[in-house]
Amino acid sequence: MKIVVTSNGANLDAQASPVFGRCPSYVFVDTESMEFEAVENPAIGAAGGAGIQAAQFVVERGAQAVVTGNMGPNASNVFQSAGVPVYPFGGGTVREAVEAFKAGELQSVADPNVQAGMGMGQGMGMGRGMGRGMGRGMGRGMGRGMGRGMGMGQRAVAPPASPTPPLSPVSASSREEETATLKEMAGELRRQLAAVMERLDQLEEETI
């Protein structure tokens with residue numbers, strides 16, 4: 658059976674995404690052989706209607722079931738019309754989502770699990786500091802909290818520290834460390850943006 662899992666990455670060990678229409682990737686998995694294909698979400702940058710576009714894309718690629726977190730009513734309607742069941746997954750990796758599906762631990766739903774009128778509150782903070790002189794130090798903190806409320810929560814971002822000109826060359830290992838850190842931060846920002854855009858799509862659906 659060919660199922661699709663919403664994902665933040667491009668393999669079975671990536672974290673499953675809690676959003677459908679704005680997730681970074683879709684991982685299509687053969688539940689018998691565990692062979693998979695990861696495909697970038699073509700609707701992630703859509704100005705609106707990402708849920709519908711993503712749902713149609715998934716159906717066209719032959720998915721027989723969908724495993725995801727939150728799904729809005731428009732995407733849910735597409736899957737209902739196509740006869741493709743949707744299975745909510747609480748969290749974990751793509752592999753864990755597939756194993757839970759195969760074990761019969763997931764319950765299919767006929768209705769969207771993000772209803773019109775539901776609010777979302779989300780707060781995320783990220784701080785990062787670097788210092789360079791005769792030596793080099795790096796400190797980074799990252800916090801994330803999510804909760805339901807009547808509206809979007811404010812996000813506070815610490816102002817960047819004023820850069821200090823280096824007094825000594827930066828080693829290759831230090832550059833690699835900083836590159837890895839920045840990539841991780843970029844991935845976190847992409848996930849934040851996906852959550853914000855998903856909520857905007859839901860609000861637009863409610864006004865239609």
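Numbering-wise (this note's numbering), the sequence shown opens with residue 658 and increments by one.
Ideal Cβ placement from N, Cα and C applies to all residues, glycine included.
Between which two residues does the beta strand (DSSP E) containing residue i stretch?
| i | result |
| --- | --- |
| V755 | From DSSP, V755 is part of no beta strand (DSSP E) but of the alpha helix (DSSP H) over 751-759. |
| E694 | 693-697 |
| V743 | 743-745 |
| A722 | 722-725 |
| I709 | From DSSP, I709 is part of no beta strand (DSSP E) but of the alpha helix (DSSP H) over 707-717. |
| T663 | 659-664 |
| V686 | 682-687 |
Are residue i and residue j close, meaning C-beta to C-beta below 8 angstroms?
| i | j | result |
| --- | --- | --- |
| D858 | G706 | yes |
| V676 | T663 | yes |
| A673 | G749 | yes |
| K759 | A720 | no |
| P681 | N668 | no |
| R848 | N731 | no |
State yes or no: is the C-beta of residue i nearer than 7 angstroms to some heavy atom of the ligand SAM?
| i | result |
| --- | --- |
| N731 | Ligands displayed in this structure: none; no statement on the ligand SAM is therefore possible. |
Quick one: is residue i buried, meaning 16 or more other Cβ sit within 10 Å of its Cβ, or exposed?
| i | result |
| --- | --- |
| E855 | buried |
| A754 | buried |
| M691 | exposed |
| G747 | exposed |
Which same chain residues end up closer than 7 angstroms to residue i when comparing Cβ atoms and leaving out the 5 residues on each side of it in sequence?
| i | result |
| --- | --- |
| V735 | I709, A712, Q713, V716 |
| V766 | V743, P745 |
| V741 | V716, A720, Q721, A722, V723 |
| A703 | Q710 |
Starting from residue i, trace the alpha helix (DSSP H) both ways and give me its first and last residue.
| i | result |
| --- | --- |
| F677 | Where F677 is concerned, there is no enclosing alpha helix (DSSP H), given that its DSSP letter is neither H nor E. |
| V874 | Because residue 874 is not part of the residues shown, which for the chain are 658 to 865, the question remains open. |
Within the same chain, show all residues whose beta-carbon is closer than 6 angstroms to that of residue i, passing over the 5 residues directly before and after it, in chain order.
| i | result |
| --- | --- |
| L763 | Y744, A757 |
| A739 | V716 |
| I701 | R679 |
| V686 | I660, F693, V755 |
| V684 | V662, S664, F693, A695, V751 |
Apart from the five residues just before and just after residue i, which ones in its own chain have a Cβ nearer than 8 angstroms to its Cβ?
| i | result |
| --- | --- |
| A851 | S674, V676, R679, C680, P681, I701 |
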